[in-house]
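Mapping of the sequence shown onto this note's numbering: residues 41 to 106, in sequence order. Read through the structure below, which is laid out as structure tokens, and then see the notes.
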Amino acid sequence: MSNPASELDKLRAELAATKAELAQARAVVSTSEAMISGLKLEIALLRRETYGHSAQLCGNLGDGMI
């Protein structure tokens with residue numbers, strides 16, 4: 041039979057490792073969301089530069105339809 045104290049220590053270590061993995065995954069998601077927002081802004085600016093102000097309005101309308 042295993043020692044309950046060592047089993048508890050093992051479980052605590054696994055929990056700490058899982059929490060670290062979760063924090064890393066959240067950081068990746070946050071970074072990805074920031075990158076996506078930046079790219080959406082860049083696309084909107086390029087559309088406006090290419091097609092004028094009306095392209096920006098059409099893009100906003102189209103987003104709601106998808």
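All residues carry an ideal CB built from backbone N, CA and C; glycine is no exception. All values derive from a computational prediction rather than experimental measurement.
Distance, Cα to Cα, residue i vs residue j?
i	j	result
residue 77	residue 62	23 Å
residue 80	residue 90	15 Å
residue 66	residue 60	10 Å
residue 58	residue 51	10 Å
residue 73	residue 86	20 Å
Quick check on residue i: does DSSP put it in helix, strand or coil?
i	result
residue 78	helix
residue 42	coil
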